[in-house]
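Participant: Here it is, the structure in full.
Numbering (our numbering), first residue to last: 5 to 325.
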């Protein structure tokens, strides 16, 4: 019953907002009594509504200054990425209270208030078919969720509707690497700069490990769509080559490889008559993706609504796109 579920979400959102206001007030009184800076200074201290705070062991390090808060996290999907996320989370002083095996991801019965044990944010590296059930369950349990799973775009409309109606926070990204996020902005700027220079054509390529099931991957799709949007000379993109014919110059060519244990390589080439400009991001391992996902969970604490890594980067750098 959708109407009944919505009414229940509205009631719980009102209760949650009341509890959130109470704990903000308690924390402000406590911090001022200790001589701490005001939590109203959101430009410096963006998570003013976090209930429990503690210094993280890596505070002040690169990627360690998002927020000095210890969190309890749930992992939806405990495959290779889930295990690395746990490793990074523990290094940053957080506690993982629930691990949902990737093979049983989407089984709501395993995600309960008791099994969460106080976790308020989940990190999802599961499978595409499990994302919508996980988001629905997170909404029922007032649990924020960070989604690193790809291939669930067909459920995007319903996922977004659930988030808006329930008032939880959701941050999704095809790639959580901070370096990749910066690389994407560099590519965007380069495309704008070179768009009027018609002597330079461009192409995109990506390579990943042979276990990756989507091809092209979500990051390559995002980059391809960005390049088509910024380059007025391209009408679309394709991974296919026409049989027995030349390629259409208005179609961006995207090359995909799946080989070995490659963590991830993405490149953009601008080919001129006399030279070539090449931009490339090469992941060394999965830790960069996991670190970004944990940073995203820290940033999402106390927030509601739909977010992407661009929102996080804008907040950290004081910039906007």
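Backbone N, C-alpha and C fix where the C-beta goes; we use that ideal spot for every residue, glycine too. In this text, all values refer to a predicted model and were calculated from it rather than measured experimentally.
1) Can you give the Cα-Cα distance for residue 133 and residue 180, rounded to whole angstroms?
2) Nearest to residue 226 by alpha carbon, out of 312, 84 and 141?
3) For residue 237, does the three-state DSSP call read helix, strand or coil?
4) Would you tell me roughly how many angstroms separate the C-alpha atoms of residue 69 and residue 203, rounded to the nearest one?
5) Return helix, strand or coil for residue 79, following the three-state DSSP convention.
6) Could you tell me whether the region 155-173 touches the region 275-293, where touching means 3 or more Cβ pairs closer than 8 Å?
7) Figure out for me which residue from 300, 302, 254 and 247 has the closest Cα to the Cα of residue 237.
8) With DSSP collapsed to three states, give me the class of residue 254.
9) At a cut of 8 Å, does the region 83-97 reach the region 125-139 through at least three beta carbon pairs?
10) Buried or exposed, going by whether 16 or more other CB atoms sit within 10 Å of the CB of residue 151?
11) Relative to the C-alpha of residue 301, which residue among 141, 177 and 242 is closest?
12) Assign residue 213 to one of three DSSP states: helix, strand, or coil.
13) Leaving out five residues on either side along the sequence, give the residues of the same chain with a beta carbon under 8 Å from the beta carbon of residue 163.
14) Taking the straight line between their C-alpha atoms, what separation do you get for residue 317 and residue 249?
15) Using the rule of at least 16 other Cβ atoms within 10 Å of the residue's Cβ for burial, across every protein chain shown, is residue 210 buried or exposed?
16) Can you pull the DSSP bridge partners for residue 102?
17) Output yes or no for whether 8 Å exceeds the beta carbon distance between residue 258 and residue 220.
18) So, at 6 Å on beta carbons, what are the nonlocal neighbours of residue 289 in its own chain, with the 5 sequence-adjacent residues on each side left out?
19) Taking 8 Å as the cut-off, decide whether the C-beta atoms of residue 184 and residue 153 are in contact.
20) Here's a check: name, in chain order, each residue in its chain whose Cβ is nearer than 6 Å to the Cβ of residue 3, leaving out the five neighbours to either side.
21) Hey, quick one: how far does the beta strand (DSSP E) through residue 174 stretch, first residue to last?
22) Quick check: the Cα distance between residue 239 and residue 231, rounded to an integer number of angstroms?
23) Which complete beta strand (DSSP E) runs does the region 125-166 hold, if anything under 3 residues is left out?
24) Express the C-alpha separation of residue 246 and residue 198 in angstroms, rounding to a whole number.
25) In chain order, what residues of the same chain have a beta carbon less than 7 Å from the beta carbon of residue 310, not counting five sequence neighbours either side?
26) Which of helix, strand or coil does DSSP assign to residue 180?
27) What residue range does the alpha helix (DSSP H) around residue 113 cover?
28) Applying the 10 Å Cβ sphere with the 16-neighbour rule, what's the burial state of residue 322?
29) Compare the beta carbon distance of residue 243 and residue 269 with 8 Å and say whether it is the shorter of the two.
30) If distances are taken between C-alpha atoms only, which option among 149, 308 and 118 comes closest to residue 80?
Facilitator: Let me spell this out:
1) Answer to the nearest angstrom: the Cα atoms are 20 Å apart.
2) Sorting 312, 84 and 141 by C-alpha distance to the C-alpha of residue 226 places 312 at the top.
3) Residue 237: coil per DSSP, three-state reduction.
4) Legend: pLDDT at residue 69 = 49, less than 50; position of this residue unreliable, no value from coordinates given.
5) It is a strand residue.
6) These segments do not touch.
7) If we check each option's Cα against that of residue 237, 254 comes out closest.
8) Here residue 254 sits in coil by DSSP.
9) Touching, yes.
10) Classification of residue 151: buried, given that the 10 Å Cβ count is 16 or more.
11) Here the closest residue by C-alpha is 177.
12) DSSP places residue 213 in the coil class of the three-state scheme, outside both helix and strand.
13) So the qualifying residues of the chain are 135, 136, 139, 156 and 174.
14) Straight-line Cα distance between these residues: approximately 43 Å.
15) Buried, since its Cβ has 16 or more Cβ neighbours within 10 Å.
16) For residue 102, which the question treats as bridged, DSSP gives the partners 78.
17) A contact, by the Cβ cut-off of 8 Å.
18) Cβ within range, chain order: 267.
19) Cβ atoms of residue 184 and residue 153: not closer than 8 Å.
20) Only positions 5 to 325 of the chain appear in this structure, which leaves residue 3 out of reach.
21) DSSP places residue 174 inside the beta strand (DSSP E), whose first and last residues are 173-176.
22) Their Cα atoms are separated by approximately 10 Å.
23) Runs found: 125-128 and 148-151.
24) Roughly 26 Å between the two C-alpha positions.
25) Within the same chain, residue 310 has close Cβ partners 164, 167 and 174.
26) Of the three classes helix, strand and coil, the one that applies to residue 180 here is coil, per DSSP.
27) Where residue 113 is concerned, there is no enclosing alpha helix (DSSP H), because DSSP gives it neither an H nor an E.
28) With fewer than 16 neighbouring CB atoms inside 10 Å of its own CB, residue 322 falls in the exposed class.
29) In this structure, residue 269 does not lie closer than 8 Å to residue 243 by Cβ.
30) Of the candidates 149, 308 and 118, the one whose C-alpha sits nearest the C-alpha of residue 80 is 149.
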